[in-house]
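**Student:** Numbering (the working numbering), first residue to last: 1 to 401.
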Amino acid sequence: MALAREHLLARGPLASRANALLGKAWAKGWLPPPVLDPQALWAQAAKPYGARAEAAEHGGRSEEDVADFRERLVRLVAAVHTEADLNPLGRAMAWGQLSRVVKNRLAFGALWLERPELLDTRLAPPIIVVGHMRSGTTRVHTLLAADPAHSHTRYCDAYHPVPAPLGMNRVRAALELAMLGRLNPWMQSIHPMTAGGVEEELAWISAALHHSIYESQWHIPSFSAWSEARGPAPVYREMLRILKTDAATRGIAGKPRVLKVPAFAEDLDTLLGLLPTARLVIAQREADAVLRSAVSLAANQMAMQSDSCRLDAIEARWRHKIALRETRMAAALARWQGPTARLAFAEINDDWEGAIARCYADLGLALTPDALTAMRRVMADSANGHHHAHAAQLAHFAAAR
1 MALAREHLLA RGPLASRANA LLGKAWAKGW LPPPVLDPQA LWAQAAKPYG ARAEAAEHGG
61 RSEEDVADFR ERLVRLVAAV HTEADLNPLG RAMAWGQLSR VVKNRLAFGA LWLERPELLD
121 TRLAPPIIVV GHMRSGTTRV HTLLAADPAH SHTRYCDAYH PVPAPLGMNR VRAALELAML
181 GRLNPWMQSI HPMTAGGVEE ELAWISAALH HSIYESQWHI PSFSAWSEAR GPAPVYREML
241 RILKTDAATR GIAGKPRVLK VPAFAEDLDT LLGLLPTARL VIAQREADAV LRSAVSLAAN
301 QMAMQSDSCR LDAIEARWRH KIALRETRMA AALARWQGPT ARLAFAEIND DWEGAIARCY
361 ADLGLALTPD ALTAMRRVMA DSANGHHHAH AAQLAHFAAA R
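1. Pick helix, strand or coil for residue 209, following the three-state DSSP scheme.
2. Please classify residue 260: does DSSP put it in a helix, a strand, or coil?
3. If we ignore side chains and look at the alpha-carbon of each, how far apart do residue 353 and residue 95 end up?
4. Starting from residue 281 and walking both ways along the beta strand (DSSP E), at which residues does that stretch end?
5. Specify whether the stretch 108-123 and the stretch 238-247 touch according to this definition: at least 3 beta carbon pairs, one from each stretch, less than 8 Å apart.
6. Would you mind stating whether residue 370 and residue 148 have Cβ atoms separated by less than 7 Å?
7. Can you check which of these residues, 252, 346, 24, is closest to residue 124 by C-alpha distance?
8. Suppose you measure from the CA of residue 106 to the CA of residue 92; what does that come to, to the nearest Å?
9. Which residues in the same chain as residue 396 place their Cβ atom closer than 6 Å to its Cβ, once the five residues preceding and following it in sequence are excluded?
10. Any idea what DSSP makes of residue 216, helix, strand or coil?
11. Could you name the residues of the same chain whose beta carbon sits closer than 6 Å to that of residue 19, not counting the 5 residues immediately before and after it, in chain order?
12. DSSP three-state call for residue 127: helix, strand or coil?
13. Assuming residue 98 contacts residue 21 under a Cβ cut-off of 8 Å, what Cβ separation, rounded to an integer in Å, is found between them?
14. Assuming residue 9 and residue 296 form a contact by the criterion Cβ under 8 Å, report the distance between their Cβ atoms to the nearest whole angstrom.
15. Going by alpha carbons, who is nearest to residue 294 out of 271, 212, 306, 257?
16. Measure the beta-carbon distance from residue 228 to residue 208 and round it to whole angstroms, keeping in mind my assumption that it falls under 8 Å.
17. Of the choices 3, 317, 235, whose alpha-carbon is the least far from that of residue 66?
18. Which one of 345, 71, 200 has the shortest CA to CA distance from residue 288?
19. Compare the beta carbon distance of residue 183 and residue 15 with 7 Å and say whether it is the shorter of the two.
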(Lines of atoms letter the chains of each structure in order from A and count residues from 1; the text may use other names and numbers.)
(Lines give C-alpha, C1' and ligand atoms only; values in the text may rest on other atoms or scores of the structure.)
Protein backbone atom coordinates (compact mmCIF):
# COMPACT_ATOMS: atom_id res chain seq x y z
CA MET A 1 0.00 0.00 0.00
CA ALA A 2 1.31 3.46 -0.92
CA LEU A 3 2.45 5.65 1.95
CA ALA A 4 -0.02 8.48 2.57
CA ARG A 5 1.30 12.01 2.19
CA GLU A 6 -0.32 13.61 5.21
CA HIS A 7 0.74 17.20 4.54
CA LEU A 8 2.72 19.21 1.99
CA LEU A 9 5.94 19.10 4.02
CA ALA A 10 5.77 15.38 4.77
CA ARG A 11 9.07 13.51 4.61
CA GLY A 12 9.53 9.83 3.82
CA PRO A 13 10.69 7.57 6.67
CA LEU A 14 13.92 6.54 4.94
CA ALA A 15 14.85 10.19 4.37
CA SER A 16 14.31 10.88 8.08
CA ARG A 17 16.48 7.92 9.06
CA ALA A 18 19.21 8.85 6.58
CA ASN A 19 19.19 12.43 7.83
CA ALA A 20 19.56 11.33 11.45
CA LEU A 21 22.29 8.81 10.61
CA LEU A 22 24.35 11.32 8.63
CA GLY A 23 24.07 13.91 11.39
CA LYS A 24 25.22 11.39 13.99
CA ALA A 25 28.06 10.09 11.81
CA TRP A 26 29.41 13.60 11.27
CA ALA A 27 29.01 14.61 14.92
CA LYS A 28 30.88 11.53 16.17
CA GLY A 29 33.56 11.71 13.50
CA TRP A 30 32.61 8.42 11.86
CA LEU A 31 32.38 10.16 8.49
CA PRO A 32 33.77 13.50 7.29
CA PRO A 33 31.04 15.98 6.34
CA PRO A 34 31.04 17.02 2.68
CA VAL A 35 33.00 20.20 1.94
CA LEU A 36 30.65 22.46 0.01
CA ASP A 37 33.18 25.01 -1.19
CA PRO A 38 33.74 26.20 -4.78
CA GLN A 39 37.50 25.68 -4.73
CA ALA A 40 37.17 22.23 -3.18
CA LEU A 41 34.60 21.24 -5.81
CA TRP A 42 36.93 22.40 -8.60
CA ALA A 43 39.95 20.67 -7.08
CA GLN A 44 38.16 17.36 -6.79
CA ALA A 45 36.78 17.51 -10.34
CA ALA A 46 40.14 18.58 -11.79
CA LYS A 47 42.21 15.70 -10.36
CA PRO A 48 41.77 13.32 -13.33
CA TYR A 49 42.88 16.03 -15.77
CA GLY A 50 46.05 17.24 -14.07
CA ALA A 51 47.65 19.99 -16.15
CA ARG A 52 44.83 19.71 -18.70
CA ALA A 53 42.13 20.89 -16.27
CA GLU A 54 42.19 24.54 -17.36
CA ALA A 55 41.96 23.55 -21.01
CA ALA A 56 39.02 21.26 -20.20
CA GLU A 57 37.25 24.09 -18.39
CA HIS A 58 37.54 26.27 -21.51
CA GLY A 59 36.89 23.55 -24.10
CA GLY A 60 34.25 24.72 -26.60
CA ARG A 61 33.34 27.75 -24.47
CA SER A 62 33.86 31.50 -24.65
CA GLU A 63 35.59 33.43 -21.87
CA GLU A 64 32.20 34.93 -20.98
CA ASP A 65 30.68 31.48 -20.51
CA VAL A 66 33.62 30.28 -18.39
CA ALA A 67 33.44 33.35 -16.15
CA ASP A 68 29.66 33.14 -15.83
CA PHE A 69 29.81 29.58 -14.52
CA ARG A 70 32.54 30.45 -12.03
CA GLU A 71 30.53 33.36 -10.64
CA ARG A 72 27.33 31.34 -10.49
CA LEU A 73 29.03 28.59 -8.50
CA VAL A 74 30.45 31.04 -5.94
CA ARG A 75 27.12 32.81 -5.49
CA LEU A 76 25.06 29.61 -5.32
CA VAL A 77 27.30 28.01 -2.70
CA ALA A 78 27.23 31.22 -0.65
CA ALA A 79 23.42 31.28 -0.74
CA VAL A 80 23.26 27.62 0.28
CA HIS A 81 25.45 28.35 3.30
CA THR A 82 23.73 31.57 4.41
CA GLU A 83 20.07 31.00 3.49
CA ALA A 84 19.13 27.39 2.76
CA ASP A 85 19.49 26.00 6.31
CA LEU A 86 20.04 22.50 4.98
CA ASN A 87 19.90 19.47 7.23
CA PRO A 88 22.56 16.72 6.96
CA LEU A 89 20.71 14.93 4.14
CA GLY A 90 20.29 18.24 2.32
CA ARG A 91 23.98 19.05 2.67
CA ALA A 92 24.91 15.65 1.29
CA MET A 93 22.48 16.03 -1.62
CA ALA A 94 23.70 19.56 -2.38
CA TRP A 95 27.30 18.39 -2.42
CA GLY A 96 26.38 15.44 -4.65
CA GLN A 97 24.58 17.62 -7.16
CA LEU A 98 27.16 20.38 -7.35
CA SER A 99 30.14 18.05 -7.45
CA ARG A 100 28.52 16.25 -10.39
CA VAL A 101 27.88 19.58 -12.14
CA VAL A 102 31.55 20.61 -11.91
CA LYS A 103 32.76 17.12 -12.87
CA ASN A 104 30.52 17.09 -15.95
CA ARG A 105 31.60 20.63 -16.82
CA LEU A 106 35.18 19.49 -17.19
CA ALA A 107 34.23 16.21 -18.88
CA PHE A 108 32.27 18.06 -21.56
CA GLY A 109 35.06 20.56 -22.12
CA ALA A 110 37.54 17.72 -22.57
CA LEU A 111 35.17 15.99 -24.99
CA TRP A 112 34.68 19.14 -27.07
CA LEU A 113 38.44 19.67 -27.29
CA GLU A 114 38.82 16.12 -28.56
CA ARG A 115 35.77 16.20 -30.85
CA PRO A 116 35.08 19.84 -31.81
CA GLU A 117 32.88 18.69 -34.70
CA LEU A 118 30.16 17.83 -32.18
CA LEU A 119 29.53 21.55 -31.73
CA ASP A 120 28.98 21.96 -35.48
CA THR A 121 26.08 19.50 -35.48
CA ARG A 122 23.16 20.84 -37.54
CA LEU A 123 19.86 20.41 -35.73
CA ALA A 124 16.43 20.05 -37.28
CA PRO A 125 14.12 22.92 -36.23
CA PRO A 126 13.00 22.03 -32.70
CA ILE A 127 9.53 22.07 -31.17
CA ILE A 128 9.60 23.94 -27.87
CA VAL A 129 6.87 23.40 -25.28
CA VAL A 130 6.53 26.56 -23.20
CA GLY A 131 4.48 27.00 -20.05
CA HIS A 132 4.49 27.01 -16.28
CA MET A 133 5.45 24.01 -14.22
CA ARG A 134 2.27 21.96 -13.65
CA SER A 135 0.40 23.58 -16.56
CA GLY A 136 0.17 20.47 -18.72
CA THR A 137 3.58 20.85 -20.35
CA THR A 138 4.58 17.31 -19.43
CA ARG A 139 1.52 15.79 -21.09
CA VAL A 140 2.02 17.86 -24.25
CA HIS A 141 5.75 17.10 -24.27
CA THR A 142 5.18 13.35 -23.92
CA LEU A 143 2.57 13.25 -26.67
CA LEU A 144 4.69 15.20 -29.15
CA ALA A 145 7.75 13.11 -28.26
CA ALA A 146 5.82 9.92 -29.05
CA ASP A 147 5.66 10.89 -32.73
CA PRO A 148 8.32 8.75 -34.47
CA ALA A 149 9.11 11.73 -36.71
CA HIS A 150 10.39 13.61 -33.65
CA SER A 151 13.20 13.08 -31.14
CA HIS A 152 13.34 13.69 -27.41
CA THR A 153 15.69 13.73 -24.45
CA ARG A 154 15.71 10.67 -22.20
CA TYR A 155 16.04 10.86 -18.42
CA CYS A 156 19.37 9.02 -18.56
CA ASP A 157 20.75 11.59 -21.02
CA ALA A 158 19.30 14.56 -19.14
CA TYR A 159 20.83 13.71 -15.76
CA HIS A 160 23.90 11.83 -17.03
CA PRO A 161 24.61 13.82 -20.19
CA VAL A 162 28.28 13.03 -20.80
CA PRO A 163 28.29 10.18 -23.36
CA ALA A 164 29.28 6.83 -21.84
CA PRO A 165 29.86 3.38 -23.39
CA LEU A 166 27.71 0.27 -23.04
CA GLY A 167 24.59 2.09 -21.91
CA MET A 168 26.10 2.85 -18.52
CA ASN A 169 24.25 6.16 -18.20
CA ARG A 170 20.96 4.31 -18.39
CA VAL A 171 22.11 1.90 -15.66
CA ARG A 172 23.24 4.81 -13.47
CA ALA A 173 19.93 6.59 -14.02
CA ALA A 174 17.90 3.50 -13.09
CA LEU A 175 19.87 3.04 -9.86
CA GLU A 176 19.54 6.75 -9.07
CA LEU A 177 15.77 6.73 -9.56
CA ALA A 178 15.42 3.63 -7.40
CA MET A 179 17.33 5.31 -4.58
CA LEU A 180 15.45 8.60 -4.91
CA GLY A 181 12.16 6.72 -4.93
CA ARG A 182 13.05 5.13 -1.62
CA LEU A 183 14.04 8.46 -0.09
CA ASN A 184 11.01 10.28 -1.50
CA PRO A 185 8.02 7.92 -1.80
CA TRP A 186 5.84 10.62 -3.45
CA MET A 187 8.32 11.63 -6.14
CA GLN A 188 6.85 9.43 -8.87
CA SER A 189 3.30 10.61 -8.22
CA ILE A 190 4.35 14.24 -8.61
CA HIS A 191 6.64 13.79 -11.63
CA PRO A 192 6.77 10.23 -13.03
CA MET A 193 10.20 9.27 -14.40
CA THR A 194 11.95 6.24 -15.86
CA ALA A 195 15.58 5.88 -16.90
CA GLY A 196 14.78 5.66 -20.61
CA GLY A 197 11.64 7.79 -20.53
CA VAL A 198 10.92 11.20 -22.01
CA GLU A 199 12.48 13.91 -19.86
CA GLU A 200 12.79 17.68 -19.97
CA GLU A 201 16.11 19.48 -20.35
CA LEU A 202 16.04 21.07 -16.89
CA ALA A 203 19.24 19.25 -15.94
CA TRP A 204 21.03 20.76 -18.95
CA ILE A 205 20.39 24.36 -17.88
CA SER A 206 21.14 23.33 -14.30
CA ALA A 207 24.49 22.07 -15.58
CA ALA A 208 25.28 25.74 -16.26
CA LEU A 209 23.86 26.68 -12.82
CA HIS A 210 20.58 28.23 -13.86
CA HIS A 211 18.60 28.84 -10.68
CA SER A 212 15.50 26.86 -11.60
CA ILE A 213 16.24 23.39 -10.24
CA TYR A 214 18.05 24.71 -7.17
CA GLU A 215 15.35 27.13 -6.01
CA SER A 216 12.87 24.24 -6.23
CA GLN A 217 14.90 22.40 -3.59
CA TRP A 218 16.53 25.04 -1.43
CA HIS A 219 15.57 28.42 0.03
CA ILE A 220 18.14 30.60 -1.80
CA PRO A 221 16.34 33.92 -2.51
CA SER A 222 19.51 35.97 -3.03
CA PHE A 223 20.81 33.62 -5.72
CA SER A 224 17.38 33.39 -7.36
CA ALA A 225 17.04 37.17 -7.53
CA TRP A 226 20.57 37.66 -8.85
CA SER A 227 20.21 34.93 -11.48
CA GLU A 228 16.76 36.13 -12.60
CA ALA A 229 18.21 39.58 -13.23
CA ARG A 230 21.31 38.29 -15.02
CA GLY A 231 21.40 37.64 -18.75
CA PRO A 232 20.96 33.88 -19.24
CA ALA A 233 22.76 33.57 -22.60
CA PRO A 234 25.78 31.63 -21.18
CA VAL A 235 23.39 29.10 -19.63
CA TYR A 236 21.53 28.49 -22.87
CA ARG A 237 24.69 28.37 -24.96
CA GLU A 238 25.85 25.51 -22.73
CA MET A 239 22.46 23.82 -23.09
CA LEU A 240 22.75 24.10 -26.87
CA ARG A 241 26.24 22.55 -26.81
CA ILE A 242 24.91 19.63 -24.76
CA LEU A 243 21.90 19.30 -27.08
CA LYS A 244 24.13 19.13 -30.15
CA THR A 245 26.36 16.56 -28.46
CA ASP A 246 23.41 14.41 -27.46
CA ALA A 247 21.85 14.64 -30.93
CA ALA A 248 25.10 13.73 -32.67
CA THR A 249 26.08 10.83 -30.42
CA ARG A 250 22.57 9.34 -30.55
CA GLY A 251 22.27 9.88 -34.31
CA ILE A 252 19.02 11.88 -34.09
CA ALA A 253 20.07 15.38 -35.16
CA GLY A 254 17.86 15.19 -38.26
CA LYS A 255 14.66 14.77 -36.25
CA PRO A 256 13.03 17.81 -34.60
CA ARG A 257 13.76 17.68 -30.87
CA VAL A 258 10.78 18.26 -28.61
CA LEU A 259 12.18 20.48 -25.84
CA LYS A 260 10.47 21.41 -22.60
CA VAL A 261 11.55 23.19 -19.42
CA PRO A 262 9.23 25.50 -17.42
CA ALA A 263 12.10 27.96 -17.07
CA PHE A 264 12.00 28.50 -20.83
CA ALA A 265 9.06 30.84 -20.17
CA GLU A 266 11.38 32.99 -18.09
CA ASP A 267 14.13 33.13 -20.71
CA LEU A 268 12.20 32.79 -23.96
CA ASP A 269 13.82 35.74 -25.74
CA THR A 270 17.28 34.28 -25.20
CA LEU A 271 16.24 30.76 -26.17
CA LEU A 272 14.59 31.87 -29.40
CA GLY A 273 17.65 33.92 -30.28
CA LEU A 274 19.66 30.68 -30.22
CA LEU A 275 16.95 28.56 -31.89
CA PRO A 276 15.27 30.96 -34.35
CA THR A 277 13.73 28.19 -36.50
CA ALA A 278 11.78 26.70 -33.59
CA ARG A 279 8.08 25.95 -33.46
CA LEU A 280 6.35 26.84 -30.18
CA VAL A 281 3.58 25.12 -28.25
CA ILE A 282 2.23 27.26 -25.41
CA ALA A 283 0.60 25.30 -22.58
CA GLN A 284 -1.99 27.24 -20.60
CA ARG A 285 -3.70 26.59 -17.28
CA GLU A 286 -5.54 28.65 -14.69
CA ALA A 287 -2.98 30.33 -12.41
CA ASP A 288 -4.35 29.14 -9.06
CA ALA A 289 -4.22 25.50 -10.15
CA VAL A 290 -0.65 25.99 -11.37
CA LEU A 291 0.30 27.57 -8.05
CA ARG A 292 -1.18 24.78 -5.92
CA SER A 293 0.60 22.09 -7.88
CA ALA A 294 3.91 23.97 -8.03
CA VAL A 295 3.88 24.58 -4.27
CA SER A 296 3.21 20.88 -3.72
CA LEU A 297 6.19 19.89 -5.87
CA ALA A 298 8.58 22.39 -4.31
CA ALA A 299 7.46 21.57 -0.75
CA ASN A 300 8.03 17.89 -1.43
CA GLN A 301 11.58 18.55 -2.64
CA MET A 302 12.49 21.03 0.08
CA ALA A 303 11.10 19.07 3.04
CA MET A 304 13.71 16.34 2.59
CA GLN A 305 16.62 18.75 2.68
CA SER A 306 15.73 21.31 5.35
CA ASP A 307 14.01 21.14 8.73
CA SER A 308 12.91 24.78 8.59
CA CYS A 309 10.78 24.93 5.43
CA ARG A 310 7.92 27.43 5.52
CA LEU A 311 4.92 27.01 3.27
CA ASP A 312 4.26 30.76 3.18
CA ALA A 313 7.77 31.36 1.81
CA ILE A 314 7.37 28.58 -0.76
CA GLU A 315 4.02 29.95 -1.90
CA ALA A 316 5.40 33.49 -2.14
CA ARG A 317 8.32 32.26 -4.23
CA TRP A 318 6.03 30.49 -6.71
CA ARG A 319 3.58 33.38 -6.94
CA HIS A 320 6.57 35.48 -7.92
CA LYS A 321 7.81 32.87 -10.42
CA ILE A 322 4.43 32.59 -12.14
CA ALA A 323 4.08 36.38 -12.45
CA LEU A 324 7.67 36.81 -13.68
CA ARG A 325 7.34 34.08 -16.27
CA GLU A 326 3.97 35.38 -17.49
CA THR A 327 5.43 38.85 -18.02
CA ARG A 328 8.59 37.69 -19.76
CA MET A 329 6.80 35.10 -21.89
CA ALA A 330 4.22 37.64 -23.06
CA ALA A 331 6.96 40.10 -24.04
CA ALA A 332 8.88 37.45 -25.99
CA LEU A 333 5.78 36.15 -27.77
CA ALA A 334 4.77 39.68 -28.80
CA ARG A 335 8.00 39.82 -30.82
CA TRP A 336 7.88 36.24 -32.11
CA GLN A 337 6.79 35.66 -35.70
CA GLY A 338 7.34 31.90 -35.94
CA PRO A 339 4.80 29.03 -35.89
CA THR A 340 2.91 28.87 -32.59
CA ALA A 341 0.16 26.68 -31.14
CA ARG A 342 -1.68 27.20 -27.86
CA LEU A 343 -3.16 24.34 -25.84
CA ALA A 344 -5.28 24.69 -22.71
CA PHE A 345 -4.93 22.19 -19.86
CA ALA A 346 -8.67 21.44 -19.91
CA GLU A 347 -8.60 20.95 -23.68
CA ILE A 348 -5.93 18.26 -23.40
CA ASN A 349 -7.90 16.52 -20.66
CA ASP A 350 -11.23 16.65 -22.50
CA ASP A 351 -10.17 15.81 -26.07
CA TRP A 352 -6.47 15.28 -26.44
CA GLU A 353 -6.72 13.97 -30.01
CA GLY A 354 -8.60 17.05 -31.15
CA ALA A 355 -6.17 19.31 -29.32
CA ILE A 356 -3.14 17.59 -30.84
CA ALA A 357 -4.66 17.70 -34.34
CA ARG A 358 -5.16 21.46 -34.01
CA CYS A 359 -1.65 21.84 -32.59
CA TYR A 360 -0.10 20.08 -35.59
CA ALA A 361 -2.16 22.18 -38.00
CA ASP A 362 -1.09 25.40 -36.29
CA LEU A 363 2.55 24.34 -36.49
CA GLY A 364 2.33 23.25 -40.12
CA LEU A 365 3.17 19.64 -39.27
CA ALA A 366 1.67 16.40 -40.60
CA LEU A 367 -0.10 14.28 -37.97
CA THR A 368 0.47 10.78 -39.35
CA PRO A 369 -1.32 7.54 -38.46
CA ASP A 370 1.93 6.26 -36.94
CA ALA A 371 2.12 9.32 -34.70
CA LEU A 372 -1.48 8.91 -33.53
CA THR A 373 -0.95 5.22 -32.82
CA ALA A 374 2.11 6.00 -30.71
CA MET A 375 0.28 8.77 -28.85
CA ARG A 376 -2.69 6.53 -28.12
CA ARG A 377 -0.31 3.99 -26.65
CA VAL A 378 1.17 6.68 -24.39
CA MET A 379 -2.27 7.76 -23.22
CA ALA A 380 -3.33 4.17 -22.55
CA ASP A 381 -0.18 3.54 -20.54
CA SER A 382 -0.78 6.68 -18.46
CA ALA A 383 -4.43 5.90 -17.69
CA ASN A 384 -3.45 4.29 -14.39
CA GLY A 385 -0.19 6.17 -13.95
CA HIS A 386 1.41 7.50 -10.77
CA HIS A 387 0.37 11.09 -11.56
CA HIS A 388 -3.24 10.40 -10.54
CA ALA A 389 -2.04 10.05 -6.95
CA HIS A 390 -0.78 13.63 -6.99
CA ALA A 391 -4.20 14.90 -8.06
CA ALA A 392 -5.67 13.01 -5.11
CA GLN A 393 -3.08 14.55 -2.77
CA LEU A 394 -3.94 18.07 -3.96
CA ALA A 395 -7.65 17.41 -3.49
CA HIS A 396 -6.97 16.14 0.04
CA PHE A 397 -4.85 19.19 0.94
CA ALA A 398 -7.47 21.58 -0.51
CA ALA A 399 -10.23 19.94 1.53
CA ALA A 400 -8.15 20.21 4.69
CA ARG A 401 -7.57 23.96 4.36
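Note that the Cβ used here is the ideal one computed from N, Cα and C, for glycine as well.
**Tutor:** Working from what's here:
1. Note: residue 209 maps to coil in three-state DSSP.
2. Reduced to three states, the DSSP call for residue 260 is strand.
3. Looking at the two C-alpha atoms, the distance is approximately 44 Å.
4. Residues 279-284.
5. Under the Cβ criterion (8 Å, minimum of three pairs), the stretch 108-123 counts as touching the stretch 238-247.
6. In contact: residue 370 and residue 148 (Cβ atoms closer than 7 Å).
7. Out of 252, 346, 24, the CA that lies nearest to the CA of residue 124 is found in 252.
8. Approximately 21 Å, taken between the alpha carbons.
9. In this predicted model, residue 396 has a pLDDT of only 47, less than 50, meaning its place in the structure is not dependable enough to derive any value.
10. Coil.
11. Shown here for residue 19: same chain residues with a beta carbon closer than 6 Å to its own, the five before and five after excluded, namely 87, 88, 89 in chain order.
12. Here residue 127 sits in strand by DSSP.
13. That belief does not hold up - the Cβ atoms of residue 98 and residue 21 are roughly 22 Å apart, past 8 Å.
14. The Cβ separation is near 10 Å, so there is no contact.
15. Considering only alpha carbons, the answer is 212.
16. Approximately 15 Å separates the beta-carbon atoms of residue 228 and residue 208; this is outside 8 Å, ruling out the contact.
17. Closest by C-alpha distance to residue 66, out of 3, 317, 235, is 235.
18. Nearest option by C-alpha distance: 345.
19. Taking the C-beta atoms as reference points, residue 15 is found nearer than 7 Å to residue 183.
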